[in-house]
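Read in order, the letters of the sequence shown correspond to residues 43 to 513 in my numbering.
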Amino acid sequence: MLKTELVNPNVGNFIESIRDIGYSFEVAVADLIDNSLTAGCSDLQIIMVHQPELIFSILDNGFGMSEDQLVEAMRLASRSPNEIRNKNDLGRFGLGLKTASFSQCRKLTVISKKDDTFSCRQWDLDYISQKNEWLLITPDQYDHLPLFSELNALKSGTLVCWQLIDRCDKNNLTNIIDQVRKHLALVFHRFLEGSDQKMVKMKINNNAIPPFNPFNINHAATQQLQLEKIKIFSSDVNVQPFILPHHSKLSQKEYDFYATEEGYIKSQGFYLYRGNRILIYGTWWGLHKMVDAHKLVRIKIDIPNDMDSLWGIDIKKSIARPAEAIKNDLRRIIGRVTEIGSKPFTGRGRKIEDKTVIQFWEIMPLNDDFRFAINSEHPLLKDLENELAPAVIEKLHIFLKGVQAYLPLDAIQFKLQNSPHLLKQQAALSDSDVEELTERLLSSGLPKSYIEELLKTEIYINRKDLIRNAE
């Protein structure tokens, strides 16, 4: 006979361990909202108050729970991750409510109303640690909690309250609320838009949360590429690539808005949706590098909720690791889309190689490398050399070599990535400068062939009217 003995975990130590799964405050809040949406809510309110103590409350007008249902919902691992769920069910492990809440607070109270009956249960982590048992409390008073009066006015719904919040800086509450608002606006933007299902209204501290669609779909310059369906076993996965507009097509405000707080480079890549909710965004899953030329590429992936194991979705629903069987299709899509997505930059980059225009700069090969060099054959430079004494020409060449050698490429790249709208390089050469140069050239008796050659330079390529006006 197999010899066994019962070894229960130390509940107090176990609690402290599961508190450190890795939730941020906004990700924990999103996990609670998953339950509200699964319960069919259409209105959701969040209140965070810090006087006399910091309390977080979230209320939905969903189906509500009976007393038995509430007790079961408070159980850790209340449902199997292998259980077949309704297609609109955003849960998986039966842990979200508890682990998300425990990650931020030491007292979790849930009040639910169904069939005009209130049910309330509470987990108090300090009490559990003291008793060393999973003892679920039935509070005798709870009508003092924020949003209870609003729940009382509803036909049905559920109120979740966090007390003894110890993973949140009370003095940084404004920034925390702002971060929660931005996160929810992105993660649940489809629900807030009502594009694929009924619209859900969300408020935080009585301020409505507007949707943030990361693909800027309403802008005329956004490219929506062909939808592709990937067959994975018996299920279809929809993949929809987008190329966001180049900064020259947007206002500074709109460009900054769609950059997200992470910036365009870190926001490029895949956006994984499960049940119309974003799980993870701004990642290539190690299949491609984050590069500046692809910063406008965003690829939307929609998966059903029965494919979690193939996508390696974690308890927090904020990490995904696609299986090897999926990666080949993803690599193929990356190659196709990034080639198109880089065109707004490669097209502009190739202007320097346009032989129909005499450029100020040129690309010079350097063994297997290259460097940017001033065009030594530029007609203005050649004309200047003809007018200068040899000693002055030598100084000029040394100066130009210094300009070439110390071209501030890192600073240029940084500014282009972070504030491209503010860069006004051509403002260094005004129309009046060009007009003055034109008048001098035309009055100097220079040959017509020289003037025609000069018209091919960057100075005049879009300003030929100045020559005509001067003539």
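Just so you know, even glycine gets a beta-carbon here, dropped at the ideal spot from N, CA and C. Remember, predicted model here, so these are calculated numbers, not experimental data.
- Task: Give the straight-line distance between the Cα atoms of A70 and H288, rounded to the nearest whole angstrom.
- Result: Your numbering for residue 70 matches position 28 in the sequence shown. Your numbering for residue 288 matches position 246 in the sequence shown. Roughly 34 Å between the two C-alpha positions.
- Query: Which of the three DSSP states, helix, strand or coil, is assigned to W326?
  - Reply: Translated into the one-based positions of the sequence shown, residue 326 becomes position 284. Three-state result, W326: coil.
- Message: Pop quiz: N280 and L269 are said to be a contact at Cβ under 8 Å. What is the actual Cβ separation, rounded to whole angstroms?
- Response: One-based indexing of the sequence shown puts residue 280 at position 238. One-based indexing of the sequence shown puts residue 269 at position 227. N280 to L269, Cβ: 6 Å. Contact.
- Query: Who are the Cβ neighbours of L267 in its own chain at under 6 Å, not counting the five residues just before and after it?
  - Reply: Your numbering for residue 267 matches position 225 in the sequence shown. Within the same chain, L267 has close Cβ partners P283.
- Grab the span of the beta strand (DSSP E) containing R163 for me, first residue to last. Within the sequence shown, residue 163 is the residue found at index 121, counting from 1. It spans 159-166 - the beta strand (DSSP E) in which R163 sits, taken as one unbroken run.
- Task: With a 10 Å radius around its C-beta and 16 neighbouring C-beta atoms as the bar for buried, classify W176 as buried or exposed.
- Result: Here residue 176 refers to the residue found at position 134 when the sequence shown is read from its first residue. Its Cβ having fewer than 16 others within 10 Å, W176 is exposed.
- Distance CB(L228)-CB(P256) smaller than 8 Å: Numbered from its first residue, the sequence shown carries residue 228 at position 186. Numbered from its first residue, the sequence shown carries residue 256 at position 214. Against a cut-off of 8 Å, the Cβ pair of P256 and L228 comes out as a contact.
- Message: Taking the alpha helix (DSSP H) that V379 belongs to, which residues open and close that run?
- Response: Within the sequence shown, the letter at position 337 stands for residue 379. 366-383 is the span of the alpha helix (DSSP H), which, as asked, contains V379.
- Would you report the Cα separation of S122 and M116, rounded to the nearest angstrom? Taking the sequence shown and counting its residues from 1, the one referred to as residue 122 is at position 80. Taking the sequence shown and counting its residues from 1, the one referred to as residue 116 is at position 74. Low confidence applies to S122: its pLDDT is 48, below 50, so where it sits in the model is not reliable, and the reading given next is rough at best. Roughly 14 Å between the two C-alpha positions.
- Message: Quick check for students: name the residue ranges of the beta strand (DSSP E) that lie wholly in the stretch 167-244, counting only runs of 3 or more.
- Response: 199-207
- In chain order, what residues of the same chain have a beta carbon less than 8 Å from the beta carbon of A512, not counting five sequence neighbours either side? Counting from one through the sequence shown, the residue named residue 512 turns up at place 470. Note on A512: pLDDT 45, under 50, position unreliable in the model; no value is reported.
- Item | Spatial neighbours of K498 in its chain, beta-carbon cut-off 8 Å, leaving aside the 5 residues before and after | For the purposes of this step, residue 498 is identified with residue 456 of the sequence shown, where counting begins at 1. So the list reads T398, V399, I400, once near-sequence residues are dropped.
- Item | Euclidean distance between Cα positions of I246 and Q183 | Stepping through the sequence shown from its first residue, residue 246 is reached at position 204. Stepping through the sequence shown from its first residue, residue 183 is reached at position 141. Spanning the two alpha carbons is a distance of roughly 25 Å.
- Of the residues Y502, L449, D158, which one's Cα is nearest the Cα of L471? The count along the sequence shown starts at 1 and reaches residue 471 at position 429. Answer by Cα proximity: Y502.
- Hey, would you say R8 sits closer than 8 Å to W327, going by beta carbons? Residue 8 lies beyond the stretch modelled for the chain, which goes from 43 to 513, so this question has no answer here.
- Where does E494 land, buried or exposed, given buried means 16+ other C-beta within 10 angstroms? Taking the first residue of the sequence shown as 1, we reach residue 494 at position 452. Looking at its Cβ environment, which holds fewer than 16 other Cβ atoms inside 10 Å, E494 is exposed.
- Which residue comes first and which comes last in the beta strand (DSSP E) that contains E270? Counting from 1 along the sequence shown, the entry for residue 270 is found at position 228. Counting along the chain, the beta strand (DSSP E) containing E270 begins and ends at 270-274.
- Task: Can you check DSSP and say which residues form a bridge with S99?
- Result: Here residue 99 is taken as the residue at index 57 of the sequence shown, counted from 1. Paired residues: I89, C203.
- Message: Tell me which residues share the same chain as R373 and place their Cβ nearer than 7 Å to its Cβ, disregarding the 5 neighbours each side in the sequence.
- Response: Along the sequence shown, read from residue 1 onward, the residue named residue 373 stands at position 331. Cβ neighbours of R373 beyond the five flanking positions: L329.
- Using 10 angstroms around the beta-carbon of L408, count the other beta-carbons present and answer buried if the total reaches 16, otherwise exposed. Translated into the one-based positions of the sequence shown, residue 408 becomes position 366. Exposed, since its Cβ has fewer than 16 Cβ neighbours within 10 Å.
- In this structure, does DSSP put E114 in helix, strand or coil? The residue given as residue 114 occupies position 72 in the sequence shown. DSSP places E114 in helix when its eight states are reduced to three.
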